[in-house]
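All letters in the sequence shown, in the order written, are residues 4 to 345 by my numbering.
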Amino acid sequence: MRGGAVARAAAALLVAAGALAPAAIAAPDRVAVPPPGSDPARWTSVGYPKSWSPSDPATTYDPRVARPAPGPVAGTVTVAPSGAPWTAVAPPGPRGPVAAEVAPCDPCAPAFPRFAAFGSYGRPSVSGTMLITRGGEPGSGSEIDVDDTLGLDDGDVFEVGVAWAPFARHRVFVAYERFAFDAEQVLPESVIFRDVMFDAGDRVASSLELDIVKAGYEALLAGTPTSSLRAGIAGWVWRYQGSLENLDGPEDQSRSFTHVLPVAHLAGEAAFGVLHVVGRAAGGWIGPDRYAIDLSGGVGVRLWDRVSLDLGWRWTRFVFDETTNEGDLVFSGPYIGLAVDF
């Protein structure tokens with residue numbers, strides 16, 4: 004009898020041990036239980052709310068989701084049901100999947116707008132000199148002061164252009180610009196224009212035009228959603244055209260020619276709320292008597308993050324020496340500029 008009782012007791016202990024062994028192996032050091040008053044049916048045995056899936060994005064975590072807890076204890080997770088933190092300690096070893104943190108993208112990476120259109124109108128004065136010959140023949144022209152002698156002063160300058168960015172930080176552009184001046188004046192001194200003498204006291208009508216077609220490329224060096232710094236290169240195909248007509252005599256002469264000038268530029272702009280500022284410096288050089296310098300700056304408004312309207316000042320010096328035709332012209336005055344991004 005005693006042996007049978009012992010055997011039966013040992014068997015019962017073995018059964019109990021066998022039933023408890025998986026739980027002892029898998030059970031954590033401290034069992035996680037739902038907080039008081041919660042519905043146990045809505046919680047898993049390791050403290051995960053059943054409404055959450057490990058595949059959920061990190062940004063849509065249930066506020067009670069388990070997250071790795073700080074500290075050296077392997078397998079420790081922290082759960083915050085209903086805003087009250089509590090901890091379940093699991094044994095070391097593999098855990099269930101936990102959504103990994105995703106590195107945020109950079110929403111402010113600098114980039115050109117895909118398309119842009121721009122234009123400006125200026126009312127500058129012109130000063131300087133020019134010497135225009137006939138057929139490149141030396142001595143067939145004299146140096147003429149375009150302001151004091153011809154009376155050319157304020158004129159019109161306008162520019163229109165478009166740009167396209169095939170890549171975020173690179174774009175190409177084309178533009179057309181025209182400088183135009185004309186005047187009527189009684190000559191204070193005699194001049195020779197294209198091998199024709201115009202005498203002092205003659206009443207003459209004169210004109211000066213400079214047409215420039217620009218095509219080039221620029222890169223975005225640095226930028227934010229409200230500012231940019233750009234650098235680029237372009238080719239200027241420019242055409243000079245000038246004329247003198249004696250309104251009291253038969254003399255009437257005109258001359259035109261076309262050449263190319265390589266030009267580099269650096270430009271920047273920034274918006275501070277609705278306030279917008281812009282600046283640009285461009286220059287091209289072939290030699291000490293064949294170059295261009297173009298400087299401008301303005302301030303205005305930036306509307307709807309795509310329209311800029313600015314008032315500013317521009318100063319341009321254009322120097323040429325083509326065959327025996329020479330010019331050293333300075334244009335300076337206010338301008339208004341408009342740019343639209345698409």
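Note that CB positions come from ideal geometry on N, CA and C, so glycine has one too.
Where does residue 27 fall in DSSP's three states? Confidence at residue 27 is low in this model, with a pLDDT of 41, below 50, so its placement is unreliable and no value can be given for it.
How about the region 123–141 and the region 159–175: do they share at least three Cβ pairs that are nearer than 8 Å? Counting C-beta pairs closer than 8 Å gives three or more between the region 123–141 and the region 159–175, which meets the contact rule.
Strictly by DSSP, which residues pair up with residue 214? 181, 242
Answer yes if the region 176–185 comes into contact with the region 204–214, meaning at least three C-beta pairs across the two stretches below 8 Å, and no otherwise. The region 204–214 makes contact with the region 176–185, as at least three CB pairs between them are under 8 Å.
Can you name, in chain order, every residue of its own chain whose Cβ lies under 6 Å from the Cβ of residue 257, other than the five neighbours on each side? Around residue 257: 246.
Is residue 193 near residue 155, with beta carbons less than 8 Å apart? no
Residue 332, buried or exposed, once every other Cβ within 10 Å from all chains shown has been counted against 16: Classification of residue 332: buried, given that the 10 Å Cβ count is 16 or more.
Alpha carbon to alpha carbon, how far is residue 292 from residue 270? Give it in angstroms, no decimals. Put simply, the backbone Cα of residue 270 is about 25 Å away from that of residue 292.
Please identify the residue among 227, 259, 249 whose C-alpha is closest to the C-alpha of residue 242. 259
Name the DSSP bridge partner or partners of residue 293? DSSP, once it has assigned bridges, lists 290 as partnering residue 293.
Using CA atoms only, rank isn't needed, just tell me which of 264, 327, 170, 282 is closest to residue 239. 264
Can you check which of these residues, 113, 123, 115, is closest to residue 338 by C-alpha distance? For residue 338, the closest alpha carbon among the candidates 113, 123, 115 is that of 123.
Return yes when the Cβ of residue 335 is within less than 8 Å of the Cβ of residue 274, no when it is not. no
Alpha carbon to alpha carbon, how far is residue 176 from residue 342? Give it in angstroms, no decimals. 13 Å
Considering only the beta carbon of each residue, do residue 112 and residue 344 sit closer than 8 Å? no
Please report the residue range of the beta strand (DSSP E) in which residue 331 lies. 328–344
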